[in-house]
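I have placed the structure first, in the form of structure tokens, so that the comments after it can refer back to it.
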Amino acid sequence: MAQRIHLATATMASLGCLLLCSQAANAQSDAERLQQLEQQVANLQSQVSSTQASEDRLRFNGFLSLAYGVASNDGGYAGYTEEGTFNNESLFGLQGAFTLTDNTEVTMQLVGRGREDWDPGIEWAYISHQFTPAFTMRAGKMRLPLFMYSDSLEVGYAQPWIRPPVEVYGAVPVTSYTGVDGLYDISLDNSTLSLQGFVGESDETISLAGGQVARLAVNDLVGGSATWTDFIWTLRANLAQAEITTGGDKLDTTFMGVGFSYNDGTWQVISELTSLEIDGPTADTESGYITLARTFGAFSPYATFSMTESTDDDERPLTRLGAFAALTTPGSPYYGDVSVLSGSEIANLERKAYSLGVRWDVMSNVAVKFDVTRTSDFGNTGGGLDGNFAPTIAYDDADVYSIKIDSAF
Amino acid sequence: MMKSLLLSLSLIAPMALADFVVITHPSGPDAMEKDQVRDLYIGRSKQLPGGQTADPIDLSGGNPLREEFHTTVTGRSQAQLNAFWSKQVFTGKGQPPRSLDSTTAVKAAVASTPGAIGYIEPGEVDGSVKVVFTP
Numbered sequence: 006m007a008q009r010i011h012l013a014t015a016t017m018a019s020l021g022c023l024l025l026c027s028q029a030a031n032a033q034s035d036a037e038r039l040q041q042l043e044q045q046v047a048n049l050q051s052q053v054s055s056t057q058a059s060e061d062r063l064r065f066n067g068f069l070s071l072a073y074g075v076a077s078n079d080g081g082y083a084g085y086t087e088e089g090t091f092n093n094e095s096l097f098g099l100q101g102a103f104t105l106t107d108n109t110e111v112t113m114q115l116v117g118r119g120r121e122d123w124d125p126g127i128e129w130a131y132i133s134h135q136f137t138p139a140f141t142m143r144a145g146k147m148r149l150p151l152f153m154y155s156d157s158l159e160v161g162y163a164q165p166w167i168r169p170p171v172e173v174y175g176a177v178p179v180t181s182y183t184g185v186d187g188l189y190d191i192s193l194d195n196s197t198l199s200l201q202g203f204v205g206e207s208d209e210t211i212s213l214a215g216g217q218v219a220r221l222a223v224n225d226l227v228g229g230s231a232t233w234t235d236f237i238w239t240l241r242a243n244l245a246q247a248e249i250t251t252g253g254d255k256l257d258t259t260f261m262g263v264g265f266s267y268n269d270g271t272w273q274v275i276s277e278l279t280s281l282e283i284d285g286p287t288a289d290t291e292s293g294y295i296t297l298a299r300t301f302g303a304f305s306p307y308a309t310f311s312m313t314e315s316t317d318d319d320e321r322p323l324t325r326l327g328a329f330a331a332l333t334t335p336g337s338p339y340y341g342d343v344s345v346l347s348g349s350e351i352a353n354l355e356r357k358a359y360s361l362g363v364r365w366d367v368m369s370n371v372a373v374k375f376d377v378t379r380t381s382d383f384g385n386t387g388g389g390l391d392g393n394f395a396p397t398i399a400y401d402d403a404d405v406y407s408i409k410i411d412s413a414f
Numbered sequence: 014m015m016k017s018l019l020l021s022l023s024l025i026a027p028m029a030l031a032d033f034v035v036i037t038h039p040s041g042p043d044a045m046e047k048d049q050v051r052d053l054y055i056g057r058s059k060q061l062p063g064g065q066t067a068d069p070i071d072l073s074g075g076n077p078l079r080e081e082f083h084t085t086v087t088g089r090s091q092a093q094l095n096a097f098w099s100k101q102v103f104t105g106k107g108q109p110p111r112s113l114d115s116t117t118a119v120k121a122a123v124a125s126t127p128g129a130i131g132y133i134e135p136g137e138v139d140g141s142v143k144v145v146f147t148p
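Top to bottom, those sequences are chains X and C. Under my numbering, the first residue of the first sequence is numbered 6, with each subsequent residue one higher. Under my numbering, the first residue of the second sequence is numbered 14, with each subsequent residue one higher.
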């Protein structure tokens, strides 16, 4: 209210001045008068907009992605089969940020995905407080910051690719956690080092290969990351530890990642290497990718090579056929227990993928992307494809063709 | 023929772009480096040299001077800037600078707001603002 009165007074004063100025300006040339008027209007404009800025306590932003993809076979790579679908990677997000005080903010983000019948769920819900310009703490539900693009995982418009490389980003089925984090920025000469520490837990239903779902609990989650950037170069390293539970066993899990990116406005190079170690026969994996992109005006073609492999195959002596026999034979101690599969050679993993694509910035805040990804080189494994979660390996490669419209508003 | 056409285009193109100067409120610093200006416009720094809280002001999208400023200072195209800000916004890391429709409005706002920084055409500069960077 005080601001409105202030604005009204300012407006009246300016209008008054407009009248007086124009009277006094009789002797002046039209050009000068016009310039004065322009300046007055500009003053008013800036008063109005600064008043709006201070009243702007609630902000809404959104993003929307519509994707269509089809694969060369029914292996299910990247979620696609021979029957093309719009639902797999289409989604929308709606974010509201409410400013409580100058330093405290509440942020909520709803995401609805086509593959989940567009039912919106809360992906972020946290309160953040800036204790000093360099130190912020947040508490609530947040993204699990394991990868360079974790925070903007589903904001396709912010990414060069049609999707983050599946070999790396698909290695961890949990994408958010509930807990507390601290962010500390250190300003160096012309660059910034950001340190992040987090603790928390998560408990959600995840989809497994072969269309299975399981409850995955993540407890005693603790981790941190260090990111250095001078705006052109970015270097990042992170580490996280947790105790995970699927079914009965509590398994100590360690995640490590390093990444770098280079972006000079024309060329862009992004690479990440990650390692996931889980106690027991559940597969440990090492993954990585490198992307090269170049911008030609509105077009930014890219090429990506990515790979993933399991590193503890000797911990899973049970054969593929043996595991399915144990699962399906009445009287077997593992009868009906799908966890026997993840402890057998079915969980062995080897896969490479090559992507060629282009991001086309059609108009402000809308990008269209085309991508062809070929995956192969599964070795003796099923390559982690859903379709190979069976007594015999049916697919030893796959091509996925996709098109996507990404927007942010 | 093609070569000489390209050559003449490459000579003409930079000339066709508008010039800009970076200005602050008269209480602002005497001079700034290009990277200091850039860091304010990408939200990496919140203070002017000297410690004043900065209020960076951009021109609205579609303004040719905005494109020229960002090509020179942040090195990013408008699409790349939009992608950058969508990443910042949806990760809670910040909001883009406020923007105004004209250089006249920018000059007026900078002249009347301590800490404000903006960019206008060189010919518009007068005593109400201070030039801190010329490309």
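Ideal Cβ placement from N, Cα and C applies to all residues, glycine included.
Proximal residues to residue i (C-beta, below 6 Å), its chain only, five neighbours per side dropped
| i | result |
| --- | --- |
| X/Asp401 | Phe383 |
| X/Thr300 | Thr271 |
| X/Val227 | Val204 and Gln246 |
| X/Gly388 | Arg356 |
| X/Leu297 | Val274 and Ala308 |
| X/Thr397 | none |
| C/Met15 | The predicted model places C/Met15 with a pLDDT of 49, which falls under 50 and marks its position as unreliable; any figure quoted below should be read in that light. So no residue of the chain qualifies. |
| X/Ser199 | Asp190 and Thr232 |
| X/Ile167 | Gly362, Lys374, Asp376, Ser407 and Lys409 |
| X/Pro306 | Val363 |
Chain-ordered neighbours of residue i on chain C, where CB pairs are closer than 8 Å
| i | result |
| --- | --- |
| X/Thr197 | Arg57 |
| X/Ser230 | By Cβ distance, chain C contributes nothing, its closest Cβ being about 13 Å from X/Ser230, past 8 Å. |
| X/Ser133 | Gly105 |
Rounded separation between residue i and residue j - CA only
| i | j | result |
| --- | --- | --- |
| X/Met113 | C/Val102 | 12 Å |
| X/Lys255 | X/Phe203 | 21 Å |
| X/Ala88 | C/Lys59 | The sequence shown places Glu at residue 88 of chain X, rather than the Ala named in the question. Their backbone Cα atoms lie some 51 Å apart in a straight line. |
| C/Ser23 | C/Phe82 | Confidence is the limiting factor: at C/Ser23 the pLDDT is only 47, short of 50, which leaves the residue's position unreliable, though a coordinate-based value still follows. Spanning the two alpha carbons is a distance of roughly 19 Å. |
| X/Thr137 | X/Thr333 | 60 Å |
| C/Ser141 | C/Pro39 | 7 Å |
| C/Glu137 | C/Leu94 | 26 Å |
| X/Asp257 | X/Glu248 | 5 Å |
| X/Ile410 | C/Gly88 | 25 Å |
| X/Thr56 | C/Arg111 | Because X/Thr56 sits at a pLDDT of 45, beneath the cut-off of 50, its placement in the model cannot be relied upon, and the point is left open. |
| X/Gly392 | X/Gly80 | 4 Å |
| C/Val134 | C/Met45 | Per the sequence shown, residue 134 of chain C should be read as Glu rather than Val. The straight-line gap from Cα to Cα measures roughly 17 Å. |
| X/Ala130 | C/Pro148 | 43 Å |
| X/Trp233 | X/Asn243 | 12 Å |
| C/Ala129 | X/Ala72 | 42 Å |
| C/Pro127 | X/Gln100 | 32 Å |
| X/Gly187 | X/Leu149 | 13 Å |
| X/Val173 | X/Ser292 | 5 Å |
| X/Asp319 | X/Thr259 | 19 Å |
| C/Lys47 | C/Phe146 | 7 Å |
| X/Phe140 | X/Ala403 | 46 Å |
| X/Ile132 | X/Val111 | 4 Å |
| C/Arg57 | X/Pro165 | 22 Å |
Within chain C, partners of residue i - CB distance below 7 Å
| i | result |
| --- | --- |
| X/Phe265 | Within 7 Å Cβ-Cβ: nothing; X/Phe265 doesn't reach chain C, min ~17 Å. |
| X/Ala139 | Result: empty, since nearest Cβ-Cβ is about 10 Å, beyond 7 Å. |
Rounded distance between the beta-carbons of residue j and residue i, thought under 8 Å
| i | j | result |
| --- | --- | --- |
| X/Tyr406 | X/Gly74 | 7 Å |
| X/Ala102 | X/Arg143 | Actually they do not touch by this definition, with Cβ atoms about 12 Å apart. |
| X/Val177 | X/Glu209 | At roughly 12 Å, the Cβ-Cβ gap does not stay under 8 Å, so X/Val177 and X/Glu209 are not in contact. |
| X/Phe152 | X/Gly229 | The pair is not a contact, with the Cβ atoms about 14 Å apart (cut-off 8 Å). |
| X/Asn66 | X/Phe414 | 7 Å |
| X/Ser70 | X/Leu96 | 5 Å |
| C/Gly75 | C/Lys143 | So it is not a contact: roughly 27 Å between Cβ atoms. |
Residues near residue i in its chain [Cβ-Cβ closer than 8 Å; skip 5 each side]
| i | result |
| --- | --- |
| X/Leu323 | Ala331, Val345, Gly348, Ser349 and Glu350 |
| X/Gln28 | Confidence in X/Gln28 is poor, its pLDDT being 46 and thus under 50, which makes the residue's placement unreliable; the coordinate value appears in the next sentence. Hits under 8 Å: none found. |
| X/Trp238 | Phe265, Ser266 and Tyr267 |
| X/Asp156 | Arg148 and Pro150 |
Chain-ordered chain X contacts of residue i [CB-CB under 7 Å]
| i | result |
| --- | --- |
| C/Gly88 | Asp269 and Gly270 |
| C/Lys100 | Ser157, Val160 and Ala163 |
| C/Ala96 | Tyr162 and Ala163 |
| C/Asp48 | Asn195 |
Closer than 9 Å at the beta carbon, the chain X residues around residue i
| i | result |
| --- | --- |
| C/Phe146 | The contacting residues do not exist; C/Phe146 stays about 16 Å from chain X at best. |
Close Cβ partners of residue i (< 7 Å) along its chain, the five nearest in sequence each way excluded
| i | result |
| --- | --- |
| X/Arg9 | Only weak support exists for where X/Arg9 lies, its pLDDT of 43 falling under 50; the value from the coordinates is given anyway. For X/Arg9, where only same-chain residues beyond five positions count, there are no Cβ hits under 7 Å. |
| X/Ala372 | Tyr162, Arg364, Trp365, Asp366 and Asp411 |
| C/Asp114 | Ser73 |
| X/Asp289 | Leu281, Glu282, Ile283, Ser315, Thr316 and Asp317 |
Contact list for residue i against chain X, beta-carbon separation under 8 Å
| i | result |
| --- | --- |
| C/Phe103 | Asn66, Phe68, Gly98, Gln100, Gln114, Asp156, Ser157, Val160, Ala163 and Ala413 |
| C/Gln91 | Ser369 |
Proximal chain C residues relative to residue i, where beta-carbon distance stays under 9 Å
| i | result |
| --- | --- |
| X/Asp366 | Ser90, Gln91, Ala92, Gln93, Asn95 and Ala96 |
(message) Against chain X, which members of the segment 64-86 of chain C pass a CB distance test of less than 7 Å?
(response) Gly74
(message) What are the residues in the segment 298-316 of chain X lying within 9 Å of chain C by C-beta distance?
(response) Thr300, Gly302, Ala303 and Ser305
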